[in-house]
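**Student:** Residue numbers (the numbering used here), protein chains in the order written: chain S, 1 to 169; chain H, 1 to 108.
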Amino acid sequence: MTFLFYLFSALALFGGIGVVVNRNPVSSAISMILSFLGLAALFIQLDAFLVGILQILVYAGAIMVLFLFIIMLLDVREEQRRRRSIVHFIGASGVAIAFVALVITVLSRGDIGKANFTALTESKGPGTSDVHQIGELLFSTYWFPVQIVAVLLLVATVGVVVLSKKELK
Amino acid sequence: MESALTLNHFLFVSAALFAIGLAGVLLRRNLIIIFMCLELMLAAANLTLVAFSRFNVQDGHPHYDGQVLLFFIITVAAAEVAVGLAIIVALFRTKETTDVTKVNSMKY
């Protein structure tokens, strides 16, 4: 269990680093898929099966295909090697490292983060799986946000059609 | 020595992934890569939600509210990517570039 955690978090993190350091956009996109697969495995390790599968289907499947499609449509070339100012590099990585240091400091002070895994009741029979539970919540407590999200998707579709018109006015 | 997994493990991975995405946004100049790094940051935040949901067990079930929120986040992310990429294509049509350093005027 612990070994699998380290394996998949390494996969997610190295995929993420690959996105940043690869000069070729297509390799970046492939690293991103790798990173999302590792992340989905972590979700499944956290007993969130529906969310893990959604992560693979929506992110690694739909969204990354869209990205690859656009990269190939625009024929994006490799970024030209340019003398990058060292200040720029140090600044950016400094901000990132400072963020991680901040999170580690905050988390190591409190007791919340020291919680261990607590056992879940075995799901037996229909109506006990996480898909069922989440579905029930979505269509009872959260019925209104579901409607809003539906409208949002419609707006996004219309927006994309408007933006892709030949002449922007 | 093998130590048991705690909530902190997952939160640290999430923070590291978020930081990588942040560094990517700051370092890269290609608009599409910047957009991909934004998605990476969003996905890292998702991990935090699922971890908190799993470690907040009630009656032998994880707290499903976090996972429902994740469902909405994924939906919004999909809509956001569609619109964002359409904007990038529209930008490419007028500027012929996806380099953010070359996109520095408000008027097209």
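Beta carbons: idealized from backbone N, C-alpha and C, even for Gly.
So Asp-75 (chain S) and Leu-120 (chain S) are in contact, right, with Cβ under 8 Å, and what is the actual spacing, rounded?
**Tutor:** Contact doesn't hold; Cβ gap of about 49 Å is too wide.
**Student:** Would you mind giving the Cβ-Cβ distance between Ala-12 (chain S) and Leu-50 (chain S), rounded to the nearest angstrom? I have them listed as a contact below 8 Å.
**Tutor:** Contact flag wrong, Cβ pair sits at about 19 Å.
**Student:** Pick out whichever of S:Val-19, S:Gln-45, S:Val-87 has its Cα sitting closest to the Cα of Met-64 (chain S).
**Tutor:** Checked all of S:Val-19, S:Gln-45, S:Val-87; the closest Cα to Met-64 (chain S) is S:Val-19.
**Student:** Under 8 Å: does the beta carbon of Arg-29 (chain H) sit that close to some heavy atom of the ligand MG?
**Tutor:** This structure simply doesn't include the ligand MG, nor any ligand for that matter.
**Student:** Which same chain residues end up closer than 8 Å to Met-1 (chain S) when comparing Cβ atoms and leaving out the 5 residues on each side of it in sequence?
**Tutor:** Closer than 8 Å at Cβ, skipping near neighbours: Gln-45.
**Student:** For Asn-30 (chain H) and chain S, any beta-carbon pair shorter than 9 Å?
**Tutor:** True, the Cβ-Cβ gap to chain S drops below 9 Å.
**Student:** With H, G and I counted as helix, E and B as strand and the rest as coil, what does DSSP make of Asp-173 (chain S)?
**Tutor:** With chain S represented from 1 up to 169, any question about residue 173 (chain S) goes unanswered, as that position is not in the structure.
**Student:** Please classify Gly-15 (chain S): is it buried, with 16 or more other beta-carbons within 10 angstroms of its beta-carbon, or exposed?
**Tutor:** Classification of Gly-15 (chain S): buried, given that the 10 Å Cβ count is 16 or more.
**Student:** Check the Cβ of Leu-138 (chain S) against every Cβ in chain H and list those closer than 8 Å, keeping chain order.
**Tutor:** Within chain H, the residues near Leu-138 (chain S) are Val-68, Phe-71.
**Student:** Report the option in H:Ala-82, H:Ile-20, H:Arg-54, H:Ala-23 whose CA atom is closest to the CA atom of Ile-70 (chain S).
**Tutor:** Checked all of H:Ala-82, H:Ile-20, H:Arg-54, H:Ala-23; the closest Cα to Ile-70 (chain S) is H:Ala-82.
**Student:** Let me know the secondary structure DSSP gives His-61 (chain H) once reduced to three states.
**Tutor:** Reduced to three states, the DSSP call for His-61 (chain H) is strand.
**Student:** Could you pull the start and end residues of the alpha helix (DSSP H) that Phe-10 (chain H) belongs to?
**Tutor:** Note, Phe-10 (chain H): alpha helix (DSSP H), 7-27.
**Student:** Buried or exposed: Gly-24 (chain H), going by 16 or more other Cβ atoms within 10 Å of its Cβ?
**Tutor:** It counts as buried.
**Student:** Look at the alpha carbon of Ala-77 (chain H) and the alpha carbon of Leu-40 (chain H), and state the distance between them as a whole number of angstroms.
**Tutor:** Going from the Cα of Ala-77 (chain H) to the Cα of Leu-40 (chain H) covers about 11 Å.
**Student:** Could you check whether the Cβ of Ala-48 (chain S) sits closer than 9 Å to any Cβ belonging to chain H?
**Tutor:** Yes, Ala-48 (chain S) lies at the interface with chain H (some Cβ there is under 9 Å from its Cβ).
**Student:** Can you tell me which of S:Gly-52, S:Ile-30, S:Phe-36 puts its alpha carbon nearest to the alpha carbon of Leu-68 (chain S)?
**Tutor:** Ranking S:Gly-52, S:Ile-30, S:Phe-36 by Cα distance to Leu-68 (chain S) puts S:Ile-30 first.
**Student:** Among residues of its own chain, excluding the 5 on either side of Pro-145 (chain S), which ones have a beta-carbon nearer than 6 Å to its beta-carbon?
**Tutor:** If we look at Pro-145 (chain S) and ignore the five residues flanking it on each side, it has no Cβ neighbours.
**Student:** Within the 9 Å Cβ cut-off, does Asn-8 (chain H) reach chain S?
**Tutor:** Taking Cβ atoms only, chain S reaches closer than 9 Å to Asn-8 (chain H), which makes this a yes.
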